[in-house]
Structures are given as structure tokens and as C-alpha cells.
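These notes concern the structure reproduced below.
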Amino acid sequence: MNTRQQSKLIYSWYGKPLNSDRKLRTSQYTGILITSESTKTEACIQLGDFILVEGVNADQPYVAQLMDLYEDGAQHKRAVVQWFCRLEEIPQNKRKLLKREISAQEVFFDQVLGYDTDIAAETIIKSIMVLPLHLGEELPIITLNREQTFYVRQSWDGKCFKVLSPDTFSKLKEANKKRGVITNSSKAFIPSDILTPVKRETGSVVRSATKSKNPDMEIESKHSTSKSSLAKERHSQRVANNDIKTPTARKKLELNSPTRSKSRLLGCEVLSLLDDDCDSIAPLEPSATKRKVKFTSEILGSPPKIPCSNDKSKSTTETAEERQRFSETMQFSPYTKVKDFSEKDKNLHEKDDILSLVGYQKPSSQIPVLTPRSRRTCAQKTSALIAEQISMLDQEDFQSGSDSSYSSSSEEEEDDDMPCTPEKKPKSSRIFSTPKSSRKSAVHTPAKTPKKTPLQGTPRTPRTPRTPRNATPEIPRRIQAAQEPASVLEEARLRLHVSAIPESLPCREEEFQDIYNFVESKLIDGTGGCMYISGVPGTGKTATVHEVIRCLQQAAENEELPPFQFVEINGMKLTDPHQAYVQILEFLTGQKVTATHAAVLLAKLFSTPGPKRKTTVLIVDELDLLWTRKQNVMYNLFDWPTQKHSKLIILAIANTMDLPERIMMNRVASRLGLTRMSFQPYTYKQLQQIVSSRLKGVKAFEEDAVQLVSRKVAALSGDARRCLDICRRATEICEFARQKRTPEIVRMAHVTEAIDEMFSSPYVNAIRNASLHEQIFLKAILAEFRRAGIEEATVQQIYHHYVALCRVEGLQSPTVSEIMAICSRLGACRLLLVEASNKYLHMRVRLNLSQDDVMYALREE
Amino acid sequence: MRPTARPSSARAPASLREPRIQPMKPSAMNKRKLKESSAESAENISQVQKILRERFCHHCAAGKLFGMEQQYRHLLELLKRTTVHGESNSALIIGPRGSGKTALLNHVLKDLREMKQVRENLLEVHLNGLLQTNDKVALKEITRQLQLENVVGDKVFGSFAENLAFLLEALRKGDRTSSCPILFVLDEFDLFVHHKNQTLLYNLFDISQSAQTPVTVIGLTCRQDILELLEKRVKSRFSHRQIYLTNSFDFKQYIKIFKKQLSLPDEFPDESFAQKWNNNVQHLSEDKTVQAVLQNLFHHTKDLRSLHLLLMLAGSAVTVHHPLLTAADLQEASRHHSTDSKANIVHGLSVLEICLIIAMKHLNEVYDGEPFNFQMVYNEFQKFIQRKAHSMYNFEKPVVMKAFEHLLQLELVQPLERPSVRAQREYLLMKLLLDSSQIMEALQVYPNCPTDVKQWAASSLSWL
């Protein structure tokens, strides 16, 4: 990575195009030359070689085998690879399935579905060695090129580890034998004899593809390593196109394709055929062709968009119609056969009951991007969802469609709920956390630390002697074990604490469902999106979102959903809005960089089609604090999800409902979109339900007492935190009173006392307990206000009234200094609002509460 | 003592008062009387002074609490639950200056530390709004007090953002049952409210409301309107537990407090002296004049600090020759305590300066408090001089100007705006910072004041 940054690398094809595809505008190559400008060295990587591919984390490039190289229609150099995955890429909880120690040099043959195997050739770093080994075999000791040699023993398919099949094993072995990378001076030539076998092999594959069905299967098995069906599709498609150059040969394909890949005929294929037709008449209609070419290249440039097929007859008709519409739009091409073809094609589809042309919808009805999906265990369930999603988006009406998807996912949600209730792991998603990096940093400075300790803090450290190596920030453990609640009231108090995570979130089911559906649909589609959630404090916004994430994680663990990363930032926990970048990047990759650099890296990360990247779910809490004058932080945050390859889902949380309109610029607000949700303050019934659901099984409260609290809080703010705090305080008050042998249950009296304690105005009590002269001073203020008719007076004016009042009361009138002292004391309590004291007698004074309150407080009891 | 609105002046540094009651050197004593008994009494006196000084200056938690048993129990229970059960909490202790907020907290903490199930089980972080003026400083202080800085060397003090992330990470990793509870004490809580975005408060309260390291946040403030200052999100996270301290005792209790504060403890070495001293205190508390003095103070303020100040002034009169406090001592102290600071300054002015002040007083009466300038004052003064030429020397204008500027320096007059280069000094608008009653009182006690001046002061028309 470093060298790549320092010196520019030039990627060029090695040799002539192996075979070019005029229709797809692709041409395949056997190798790629990587030339470094600064060092003048040249490296050639050929098909079948093992390579390192640039990843999200610069320290750990991905390992892969190069399967195919081609240049696409837009002159981009692309590569198709077979992935190997490192131990770090395997989820923590699955690693124990291995039951053995894994060295850093060991990788796994990756059979996880869903990874994009089509990458940009520019992401290739260099070639390496990957040696296949049998399970029992010891790692050969290789001192040379340790960095560049990996071993593979097992394959990994996302669920379990398997021993390499003999077929794969031999293929890997063969690839190693063939491996011939020459890295020497710029004049180096690659001997053609090394080249030929590769060429021949590819050629044979190509030829066999068209012959019969069996070779096709062979290709599939050969390429079963590839992670998405798309690659297979693309390959076979290209293969097919190689031989079929004339329109007459098209029939062959038509007959071939449905049978070959059952229910997997791609719209792209048909499109390319159409394209071909247009091409052939290009001289006649240059402008149309031009447009068409552009169109095609767009499709090719974004291969992940081609969705998987679906075998729902219902949607077939729908899409067929769609297709019809599309073909009508295609009629600008004078070629009459197009229509024939599409009709024929339609028949074909109806016959086979195959839906395949969803891809066409993209250009015609501008639906969001859909990623390729492969068959999985949960495919049955999700395919239904997708179908609904499509139809829903088709109507371009989210709301009307949400009802249907609601029902389908709610049943899924129900069985999600069951397993996730017993234990909650809110932090399980924090993959890269600070301790890791800080540990790293501490390892860096062990030499420094011992030198320092005697200087700075030995006297302070006797209690918890720590080695500097143990650098995880941690609060020391408690010495005595925490006591568990002993009585009913203590148990109730524990459950009523805001931090106690309830088994479910009552009264937010609808909101939960909406957010869940939103994120789930985006996850399944592999697209990005934003949602804005608003509501006054204490209405359960963050709690609901966390609950959603928890359920989604559960679902992802059960393989019902594609895996995703969860990142959370909180505007209040940032010192500066730009720190948001730093935190997001640290969560995603574990790198620690400055804010500006992090912004660049993130922009790159989200705008480039990263291979093997999971969807990211980002929660932005307290969004309003990310406001800057230029609003670039907000702009970037909401711009990323709109990028094609970002796979970023943002849930933004703030208090004000109209925040986008109020503080955001138009371009920011527009990117945030209109997916909004507002959490209404809880009504008293909901609050009551919240409290009673927490107290389920603990008889600590009278029913009426809970209702009183709920009504009181609902009338004031609807803040659930307040409600729980009052209840908690009531249990304490009850406990105080209990010592007089009353039954242990919180009654109305206790609750009323707690409410009074929290909501009563402190001013009246403060005035009543003030000293006599302070009270007279307040009276003098009232008198002066009444005289002048203005609610503001100088101390001098008040002083005159004060002296008069003292005479009436028969008290010795105090000196000005004492008056000033009284005034400043009342000012410190904020009963009065006073100016700076250097104005002395001319200092202006105002009351901080209404005159009536003062009068009420001063009234004789 | 000049009163200021700045409350901190109430806590005048003890060092200023201390030198006045330093025990006399025994060697000086021995020169005069070499009797054994006098040396003994000198020893006793110095002991008494030491005890009183500690009591009045250091505000240590040794003294008993008055009239806050309920609050004490509430706070103690709260902190006990934090330490024993690991329950997170937040609370504010609100009360006027000198109502014993810190004393209450210190008391509770002292008793808490002595409990068996609590010992060594509570980390304390003390912050003060006057010291930790922004969140960055506060975070460093927290890290230092939690002894986390040696974990990462100097790394943690990198940037503010890193520091915050580090601390939050540290606190997030803990949980209720295993982590050591942390007590955050925020003195002068109202000053933390003004930190940017209230980041620190938000995070502390957020931790106290989430399942992380058990944390209890105690804020101490004298502002009654503190809740209105909290940002809505911060306010929602605060548990709304408020412990109000009001000096709700009556005069009888005040007398008791007075006795408690003056009496010597039982463990005083010389028992007979202690007996004598305590009896004297008992007598004092029943004395009418002492009660009047105390009543007067009680009416002014219930703040125990001003009682301490009064007793300190009285106690400084105690010497070997005057071993016991008398009512006169207290009266004298009370007089000192309640003198008017500005009027005191007037006592030391020259006759010319007094005349100028009287001229200003008349101007104030004529123009009803409107500001004046030097020229107006000078004209008024000239009118007086012309009529009563025999009683006053006719000073030249620069001399009068000099006197006027002296008044300006003494802050008896105050310019309305800052003196600028362009405006002539004679025409700068001024305001008098004295009330006419203050001037008249000061003149009553002014030594050797010419009668004409006194008459002129009484009425601006006296020269007619």
C-alpha cells in the first residue's frame, strides 16, 4: 500500500487480447503488467496466479487467485478472482470451529457466496504463493519470502470448514506449478512457452462452453469457487458470445440459455444481443447506436446490479409486461427483429415459468440498485420479500407496499425475537475497538514507560499495580462483589433503572417494525439509504434503533440476512463534528488517522466498489451536533449512501422534527431524503404499560400509583426516563417509611412525595428559609417595582424602601455594605438577577421569579 | 470588608486572617512574667486558638451537621447503593452559599469510607467548575484521578478527541456487577453547564443511565434555577434527584450552634481550663447583649460562614491577659463585621474632598441622580466658597481637580464611560457611588469637620 502511494503504478495488458467480444466490448487477456514508474520494475501476473488484492484495511490485503482478466466496454481493466480468506475475515464465533491453531500464513479457500469476484484490475498489488496442504501436513518451513507465501488447507463456506476437495487441491497444485512471474528489469520478456498452456487451457474452456450442456456444468464446477453467480453468468455469456457472431446464431443461444442455467437467463444477455443487433446497423443510425453503446456499458460497468431470478409466477407476468414496455421503448431501432425476438423470449419465459428480466426495470423505471443474490437456505423466505420489494418499488410508492411486506417480515420477526430475548449483546458488533489500537500503541512504547513511572505516579498506583503492557483502558474491578437485590423493592428498583434493558420495548412496536423493515430491505438489496428519526428526549429513539440492530444481528447470525457491520456515532460524544469521520473509520478498519485524512479514506471506501465489503449500518445519534457552518460533515454522511457502491445505511437520530428544514442546506436535506419517522411523546397509557412491563412479576407498586406517575409525566413531557426515575425514587421513599413495619408496597403517598420532590419549584422554599433581612429586601424590591411600574430597579432605589421598611418593623437599618451582601447572596441563588457588582449602588436588580410567587412565599403562614 | 456579588469572596483565604491570632511567643512572655502558671496558660491559649482556627478556617467535616439529617440519610443511601449494588445515579445538592453542601458531602463520604462493605470499593473523582474550566481540562483531570494515565503513558493526553474516546471506551467496558463504581463530584456544577455543548455532563449522565460502569454523579451548586440551564437532552438524562439544603433552623438552634462552635472539646489537655472556657461560653450564650448581637447577625444571614467570621474576629481578642471571651469582644467584632466599607473610606478624606462629595450630593438632589462632570462639581464648590470664604481656603482649580481624581481612584465616583483621549477630563460624565444617607452618617463621625461644611451638607441652601 505504501509503495503504491509513493510511486505511481501503471497497469497494462500483457500480450494481445486473447479473444475479444465485439458485442460486450470486452476482450480477455492472459496477463497483466504492473509497471512501477519510480523503480522501473515490471511484474507480470497471469491467469491462475495468486495475488494480493487491496482491501479495506491497508495492512491486510486480500488473497486471491486470478481467474480471468478482461477489459470491459468502458475500457476498464477488470479481473475475476477466486478469493481466499484470512483468519481475520472469519467471524470470531466461527473460528472455534477450527479447533486448531492457525498461523498467520494460513488462508482458507473461500466458498462464501455473496462476495463480488469481479474486481478492478488496479486493485491487484502483487503476486504471491499459495501452497495447498493436506490437513495433517506440517507447514513447510520457508525462510525466504515468508511474507509472500500462504498455505491453504481447508475451505470455508461461511458456515463450516471443509477439507479441500481433491479436485480443487490438484488445481491449486497445478496453478502453483505453472506459476511463473517474472520480476526483473523493464526489458524482461516473458517466454511464450510459459504463456501457452494458460492460453490453451482458457481456450479449451471457451470452446467447450458452446458444445453441450455438460461442459457447461464443468465450467460451473470449475468456477464453483467464484462467489457470485454473476461471474459464472458473465463468463458463460462471454463464452457464448465468442462464437456467436451472427444474428442467426442467436437461436442457439435462446434454446441453450434457459436449459443451461435454469431460471437464470439474464436480461443482460438479451440486452447484449439486442445491442449486437443495433451494432450491426450502426452505420445507418449513428446517433442511436451511440446512445445504445453508452447504455450497454453502463450495464456492464455495474455488474452487481443484475438481480437474481425469481420463480414466482405472479411477478413473472408483471415483469413480462415491464419487458414489453421496455421493448417498446426500444423501437427507435429500426431493426424489426427486435420485437420478434422479445416476443419469442417472452413466450419462452412464460413456458418455463421463469422470471429473469428484472434487470430491465432498472433503466426503465429507475428502481434502486439490486445486488446479485445467490441461493441460500434463507433464499425461499427472502425471495418472497424481494418480489414484494420489486413490486412495491415498481409502483413507486413505498407506503402502499409496506403493508404487504409488513406481514411477511413480521412473522420472521417473531421468530427472531424468540432467540434474542434471553441475552443481549449490544456491543457484539464493535469489531474494531479502541483497546486494540491502544494496545498496539502501548507495545510501541514499552521502553519509555518504565522510565516514566517513577517520575509521574508511583505513589498513586499501589492499589492497582499494572504493567504498562496491559494497556486496555479499564476501570479497575470492584473488590467486593456487588450485592444482588434482596427485597422486592430493591428488585423493582433494579428493573426500573433506565439502564436495565427490558425484554421488549413496549409501545414502540410500529416504529420498531418500520425501522426494521427499512434496514432489512436495504440489507437484502445491498443498497444504501438514509432514515431520519426524530422525537423529544426520552421517547425511546435510540433504544428502539438498538433493538432493531440487535434483531438484525441475530438474523444475520442465523444466516437469514446478509452479514453487516454496525457502527454508531453520537454527536454529543464527539468533541468536534469532523471527529465523526475518525470514529467511523476506526470502527470500520481500525485505522487511526486525522479527520481530514479519514474523510478522504471514507469517501474512497464508499465510492469504490470494494470487493468483499459488507453492508454498513451507521447510526448517527444527536445529528444536530454534527452541524458545521459549511455542513460538509452532514453532506458527506448523506451523500455516501447515494453512491452506487456504498452499501451504507444511515439511521440519523435527532430531537427536532423539522431539523432538515431548519438547519440543513437544501442539498443536504435533499440527500437525507424523505424517509422520516417521528417518535411521539408517550401517552399516559403507554408510560403505564412501560412501567408495568418492567415490573412484571414483582408486586411492588399499587396500580393507581403507577397510573398517577404516568399521568403526571405524560402531562409534563412524556419522557419515559422521568417516569422511571420517579418510580425509582418512590421505592426509596417507601423503603424509608418501611422501617415502621408497613407492608412493602409503593402507595400513592410515596409516589406523590417523589413527584413533589422532583417537580416542585425550589424558589418558594428558598425564600421562606431566607433570613429576615433577605425577606425584607425582597419586600423592598416589590415595593419599588410597584412604585416605578417597571420590573427593574437599582439598589439605591431599593435601599430607600428598605430603610423605610426596617423602620416599620422596628429593626436597626443595616448599612449599605450589608445590603450589598444580601443582594449578592440572593443573586448567587438566582432568586434575583443582578448586574456586575462594580456598579455598586447603581447596580440594577430584577426578580428571577414572578412577583406573585414572591408575595405568596412572603405571606405570613 | 467590601461586599461583592462574586460569591467566592465569601471564602476569603484563611491565610489573611490567621496572622492576627498567632499565639504569642512564649519567650516574649517569659521576659515579663516568669511564673509557671502564665506559661501554662499561654500553652492553653495557643491550644484554644489552634482549635478555633481549624474550626473556622478549614471548614473541616469534623463539626456536626445541623438540621440536615434527612438530606444526610438520602445522600448516604444513594451512595451506599452505588457502592454496594452498583447502581448508577445522579443527584444535585442545591443550597445557598454556606448552607453546608460540601460539608454534607464530606460527612457522607467520611462515614461511607468507614463502612465495611464499602471500603476500597469506590473510586472518587472530584472536579470543580472553577478549576476545570473546560471539558478538555476536566477530562484530563478525570483520567488523572482515575489513574488511567499510566496505562497508556502520555498517549492519552494526545488530543481532546482521543481523550474523550478513550475515557468513554474505558467506562463503556465496565458493567454493573464487576466494575468498581465511580463517584463524580462536580463542585460549582453551574459552571460546567457553560462548557461547549455540555459534552461532559451529557456523557456523565448518559453513562449513569446506561448499563456501563456504575457511576454516580453528584453536583453541588447554589443556583436554584440550575435545571433550566441544562440542555434538554442532558436534562432528560439527569435523574432529577435534588437535595435541597436550606438553613431552616431558628434562632434557638442558632444559639446552640454558636455554643457548639465555641466550646472546647472534651479531649482538651487542660481540663480545668476547658471547664472554665465552656462555662464562659454558656454564660455568653445567655447574655442579653450577646444574644442581641447574634440576633442581628441571624436576621441578616443564616449563613454559618458569617458566624464563623464573627467568632473569628472576637476570638482574636483572646490573649494571656484576656483569656476568656467577653460580650464586649463580640460586640466589637459585630461592629467590625457590619461597618460600611464606603463610609469608612469617607472618614479618611480631606476637607476639600469632603466638600466635593457634598457638592456632588447636592447635584444629585437637584438633577435627580443624573450624571455630572467635574466642571459642575467645581461650580457648585465655587458657589459655596464664595459665600463662606472665611471658612475655606480657596483652592485653585488644578488642586480641586487633583482631589477629584483621588476620589475617582477611591472609586467613590465612577465614570460612565471609559476615559478617552479626546474628551477633556473636566467634562467626563461621572456618577457618585454613595448614598446621601451614607454621606451624612460619615460626616457625623468625621473629626474636626468645619461647621459651615456640616451645615452646607445638611442643606444646599444653608448659605443663604
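One line per chain: the protein sequences are B and Z, in this order. The first sequence: position 689 = 735 (the working numbering), numbered continuously. The second sequence: position 266 = 1190 (the working numbering), numbered continuously. All C-beta atoms in this analysis are idealised placements derived from N, C-alpha and C, irrespective of residue type, glycine included.
Exercise. Could you tell me the boundaries of the alpha helix (DSSP H) in which B/Ile779 lies?
Key: Ala766 to Arg784
Quiz item: Tell me which same chain residues have a C-beta within less than 6 Å of the C-beta of Z/Ala1382, skipping the five on either side of it?
Solution: none
Quiz item: Residues in its own chain within less than 7 Å of B/Ala589 by CB, not counting five upstream and five downstream?
Solution: Leu551
Quiz item: Three or more beta-carbon pairs under 8 Å between the segment 1087 to 1103 of chain Z and the segment 1060 to 1072 of chain Z, yes or no?
Solution: yes
Practice problem: Go ahead and pull the three-state DSSP assignment for Z/Ile1066. | Solution: helix
Self-check item: Proximity below 8 Å, CB of B/Asp560 to CB of B/Asn616
Solution: no
Quiz prompt | Short CB-CB distance (under 8 Å) between B/Cys875 and chain Z | solution = yes
Quiz item: If the cut is a Cβ gap below 8 Å, which residues of chain B does Z/Ile1106 touch?
Solution: Ile521
Quiz item: So, helix, strand or coil for B/Tyr848, using DSSP?
Solution: helix
Exercise. Note down, in chain order, each residue of its chain lying with its Cβ closer than 7 Å to the Cβ of B/Ala644, except the 5 sequence neighbours on either side.
Key: Tyr627, Val628 and Leu631
Exercise. Using 10 angstroms around the beta-carbon of Z/His1261, count the other beta-carbons present and answer buried if the total reaches 16, otherwise exposed.
Key: buried
Practice problem: Step through the CB atoms of chain B and report whether any lies within less than 8 Å of the CB of Z/Tyr1126. | Solution: yes
Quiz prompt | Which listed residue (Z/Leu1051, Z/Pro1193 and Z/Lys1378) has its alpha carbon closest to that of Z/Leu1276 | solution = Z/Lys1378
Quiz prompt | Bridge partners - B/Asp156, DSSP secondary structure assignment | solution = B/Trp202
Quiz item: Where B/Gly61 and B/Phe652 are concerned, what is the direct C-alpha to C-alpha distance, given to the nearest angstrom?
Solution: 34 Å
Exercise. Give the residues from the segment 1172 to 1188 of chain Z that approach chain B closer than 8 Å (Cβ to any Cβ), ordered along the chain.
Key: Ser1172
Quiz item: Taking the alpha-carbon positions, what's the B/Glu781 to B/Arg871 distance?
Solution: 37 Å
Exercise. Mind listing the chain B neighbours of Z/Asp1264? Cutoff is C-beta to C-beta under 7 Å, in chain order.
Key: Thr861, Val862 and Ser863
Self-check item: Partners in chain B for Z/Ala1015, counting only beta-carbon separations shorter than 8 Å
Solution: Going along chain B, no residue has its Cβ under 8 Å from Z/Ala1015, so there is no contact; the nearest lies around 10 Å.
Practice problem: Inspect the beta-carbon positions of B/Ala751 and B/Thr777 and report whether they are closer than 8 Å. | Solution: no
Practice problem: Would you mind stating whether Z/Leu1235 and Z/Phe980 have Cβ atoms separated by less than 8 Å? | Solution: yes
Exercise. Give the DSSP-derived three-state secondary structure of B/Phe215 in the structure shown.
Key: helix
Quiz item: Could one say the Cβ of Z/Thr1057 lies closer than 8 Å to chain B's Cβ atoms, at least one of them?
Solution: no
Exercise. Starting from B/Leu651, follow the beta strand (DSSP E) in both directions and report where the run begins and ends.
Key: B/Leu651 -> not in any beta strand (DSSP E); alpha helix (DSSP H) instead, spanning Ala641 to Ser653.
Quiz prompt | Between the CA atoms of Z/Gln1310 and B/Arg905 - distance to the nearest angstrom | solution = 55 Å
Exercise. Return the Cβ separation of B/Glu134 and B/Gln106 in integer angstroms, given the expectation that the two are a contact with Cβ distance under 8 Å.
Key: 6 Å
Practice problem: Please determine if the segment 599 to 616 of chain B and the segment 569 to 582 of chain B are in contact, where contact requires at least 3 C-beta pairs separated by less than 8 Å. | Solution: yes
Exercise. Using 10 angstroms around the beta-carbon of B/Lys619, count the other beta-carbons present and answer buried if the total reaches 16, otherwise exposed.
Key: buried
Quiz item: For B/Ile174, which residues from the same chain have a beta carbon less than 6 Å from its beta carbon, with the 5 sequence-adjacent residues on both sides left out?
Solution: Phe96, Leu98 and Gln194
Quiz item: Between the segment 813 to 820 of chain B and the segment 868 to 886 of chain B, do at least 3 Cβ pairs fall closer than 8 Å?
Solution: yes
Practice problem: Measure from the C-beta of Z/His1223 to each C-beta in chain B and report whether the shortest distance is under 8 Å. | Solution: yes
Quiz item: Relative to the C-alpha of B/Ser66, which residue among B/Tyr562, B/Trp59, B/Ile56 and B/Tyr116 is closest?
Solution: B/Tyr116
Quiz item: In chain order, what residues of the same chain have a beta carbon less than 6 Å from the beta carbon of B/Thr930, not counting five sequence neighbours either side?
Solution: For residue 930 of chain B there is no data in the structure shown, the boundaries of chain B being 47 and 907.
Quiz item: Within 7 Å: the Cβ of Z/Gly1098 and any heavy atom of the ligand COA?
Solution: No copy of the ligand COA occurs in the structure displayed, which carries no ligand at all.
Practice problem: Anything in chain Z within Cβ reach of B/Asn682, meaning under 7 Å, just list it in chain order. | Solution: Those do not exist, as B/Asn682 stays about 18 Å from chain Z at its closest Cβ, beyond 7 Å.
Quiz item: Using 8 Å as the limit for Cβ to Cβ distance, is Z/Tyr1168 near chain B?
Solution: yes
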